[in-house]
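Novice: First the structure, which I've put down as structure tokens, then a few questions once you've had a look.
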Amino acid sequence: MAPKYKLTYFDARGRGEPTRLIFAAAGVEFEDNRLTFEEWPAIKPTTPMGGLPLLEVDGVTLCQSLAIARFAARDVGLAGKSNLEQAQADMFVDEISELLPKMAGLFFEKDEAVKAEKQKEVEELIVKTYTILEKLSGSAGYLVGNRLLWCDLIFFNIASNVENLKPGTVQNYPKLAKSYENVKLNSRIAAYLAKRKETPF
Amino acid sequence: MPSIKFTYFDGRGLGEVNRVMLAAGGIKYEDVRLHESKWAGMKPTTPMGELPLLEVDGKTICQSNSIARYIAREAGLAGKSSLDQAEVDMIMEGVRSLFDKAAQIFILPEAEKAARKKKLEEKEAPELLEYLNKLASNKGYFVGDQLTAADIALYVNYESVGSLTIALPSLDKYPNLKKVADNVKANPGIAKWLKERPVTTY
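In the order they appear, the protein sequences are chains E and U. For reference, each letter of the first sequence is one residue, going 1 to 201 in my numbering. For reference, each letter of the second sequence is one residue, going 1001 to 1202 in my numbering.
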């Protein structure tokens, strides 16, 4: 029986990884379709909005990485219980996600001088963002409420990239560090990470 | 229905999608418009140093997209099933990216502005509007056959991008999107709000 979900993205973590982590945390099978850059131009006009990732489910094709991740989280029970709790989890995801384009910009910058500038900007934004998140985070070891939700996975995903950039960053933020560790030690996530293919981004 | 307080600047910007949805849902709320001079004092008291804010049930929600999704669910505009909600979400994200690009350009120094503005007006916006036109039905709804937050987001953001002096192609070029805009304007709660709301430049 084919998996219910088909995720299409490049052979990278990038904007596909949040949804992969969500399915992994829930122990839910999905088809992990990875396109090469050569295949992409022909597929682009057939997509809803000309971008990846895509999630095909029940005959519908979704686009926009956060819309996909949020849907996956709801489907597997990691979105939050009430409307209000979902909004709180959402809030964290929206804030954390602002780091993504800045970090991507830094990663892909070729000019050394510009890269140094961007690195400085990114490091400042990380401090600003982590400070905000630390203040708002719950104290039970998770960002919102008292159990793992998708916002913890989204934070873990970006924080892992931050740790690659500047190891030890998250340890300066006690509540965030707890959420980060709880994700890392989650048995399903640990198993997923152990098997996950290494990709540059 | 819990009492709701929505705080933003005295403008449409990132707040208007929420105000329009509250109007469509017939939800009473306190429409707090903060004068810019008061912002510096208020900023440190907010969850993440930004507006808009939604205060409901003793909690304060920030992040305009999160607020929008919450209000959409409360107002019955989010889409019926979880999958419908995801489709509404994806449209809102796509439409919002247009506004974000326009807002980034708006604050650029003049030298960089012209080239970026041209790229948005002549390439990025027409491309996205073309995709969006295909995603909307010929009855003028993005999801199902009734008004959702996706339709409202298209109308409000299209208008707001125009206010940021970006010359978007006319919706006449995109018949399904034109119908979406007409459906939004025809909703009684929204029509009343559009007539009565404070007139602002942006």
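The C-beta atom is built at its ideal place from N, Cα and C for all residues, glycine as well.
Let's test the definition: count the other Cβ atoms within 10 Å of the Cβ of MET49/E and tell me whether it reaches 16, buried, or not, exposed.
Specialist: The residue given as residue 49/E occupies position 49 in the first sequence. So MET49/E ends up on the buried side.
Novice: Find the nearest neighbour of PRO18/E within the set ALA116/E, ALA177/E and ILE158/E, judged by alpha-carbon distance.
Specialist: For the purposes of this step, residue 18/E is taken as residue 18 along the first sequence, with counting starting at 1. Comparing Cα positions, the closest option is ILE158/E.
Novice: Does the distance from the C-beta atom of ILE22/E to that of ALA67/E stay below 7 Å?
Specialist: Reading the first sequence from its first residue, position 22 is the one you call residue 22/E. Reading the first sequence from its first residue, position 67 is the one you call residue 67/E. Going by C-beta atoms, ILE22/E is not nearer than 7 Å to ALA67/E.
Novice: DSSP on VAL28/E, reduced to helix/strand/coil?
Specialist: Start at 1 with the first residue of the first sequence, and residue 28/E comes out as number 28. The answer is coil: DSSP assigns VAL28/E none of H, G, I, E or B.
Novice: Thinking just about the alpha-carbon of each residue, which of PRO1188/U, ILE1071/U and LYS1080/U is nearest to the one in ALA1153/U?
Specialist: Translated into the one-based positions of the second sequence, residue 1153/U becomes position 153. Here the closest residue by C-alpha is ILE1071/U.
Novice: What residues in the stretch 123-138 of chain E have a beta carbon less than 7 Å from any beta carbon of chain U?
Specialist: Those residues of the stretch 123-138 of chain E that come within reach of chain U (Cβ to Cβ, closer than 7 Å) are ILE132 and LEU136.
Novice: Where in the stretch 60-108 of chain E do unbroken runs of the beta strand (DSSP E), each at least 3 residues long, occur, reported from the N-terminal end onward?
Specialist: The stretch 60-108 of chain E contains these whole beta strand (DSSP E) runs: 60-63.
Novice: State yes or no: is the beta carbon of MET1021/U nearer than 7 Å to at least one beta carbon in chain E?
Specialist: Here residue 1021/U refers to the residue found at position 21 of the second sequence. Judged by the 7 Å Cβ criterion, MET1021/U is not in contact with chain E.
Novice: According to the Cβ coordinates, are MET1021/U and LEU1077/U closer than 7 Å?
Specialist: Locating residue 1021/U in the second sequence gives position 21, where the first residue counts as 1. Locating residue 1077/U in the second sequence gives position 77, where the first residue counts as 1. For MET1021/U and LEU1077/U, yes; Cβs fall inside 7 Å.
Novice: I want to verify the contact list: residues of chain E whose CB lies under 8 Å from the CB of LEU1128/U, in sequence order.
Specialist: For the purposes of this step, residue 1128/U is taken as residue 128 along the second sequence, with counting starting at 1. Chain E residues near LEU1128/U: MET49 and GLY50.
Novice: Let me check you understand the geometry: is the CB of ALA1024/U closer than 6 Å to at least one non-hydrogen atom of the ligand ADP?
Specialist: Ligands in the displayed structure: none, and consequently the ligand ADP is not present.
Novice: What would DSSP say about GLU10/E, mapped onto helix, strand or coil?
Specialist: In the first sequence, counting from the first residue as 1, residue 10/E sits at position 10. It should be pointed out that residue 10/E corresponds to Phe in this sequence rather than to Glu. The answer is strand: DSSP assigns PHE10/E an E or B state.
Novice: Would you say ASP1089/U reaches chain E, if we count a Cβ-Cβ gap shorter than 7 Å as a contact?
Specialist: Locating residue 1089/U in the second sequence gives position 89, counting from the first residue. Closer than 7 Å: yes.
Novice: Rounded C-beta distance between GLU1016/U and SER1160/U? I'm assuming under 8 Å.
Specialist: In the second sequence, residue 1016/U corresponds to position 16, counting from 1. In the second sequence, residue 1160/U corresponds to position 160, counting from 1. Going by Cβ atoms, the distance from GLU1016/U to SER1160/U rounds to 7 Å, so yes, they are a contact pair.
Novice: Counting contacts by CB-CB distance shorter than 7 Å, is ARG74/E in contact with chain U?
Specialist: For the purposes of this step, residue 74/E is taken as residue 74 along the first sequence, with counting starting at 1. Yes, contact with chain U.
Novice: The alpha helix (DSSP H) spanning ASP1084/U covers which residue range?
Specialist: Here residue 1084/U refers to the residue found at position 84 when the second sequence is read from its first residue. Taken as a continuous stretch (DSSP letters only), the alpha helix (DSSP H) holding ASP1084/U covers 1082-1106.
Novice: Does the beta-carbon of PHE201/E have 16 or more other beta-carbons within 10 angstroms, so that it is buried, or is it exposed?
Specialist: Indexing the first sequence from 1 puts residue 201/E at position 201. Exposed, by the Cβ-count rule.
Novice: When you compare each of SER160/E, GLU163/E, GLY141/E and TYR192/E to LYS178/E by their alpha carbons, which one comes out closest?
Specialist: Here residue 178/E refers to the residue found at position 178 when the first sequence is read from its first residue. Ranking SER160/E, GLU163/E, GLY141/E and TYR192/E by Cα distance to LYS178/E puts GLY141/E first.
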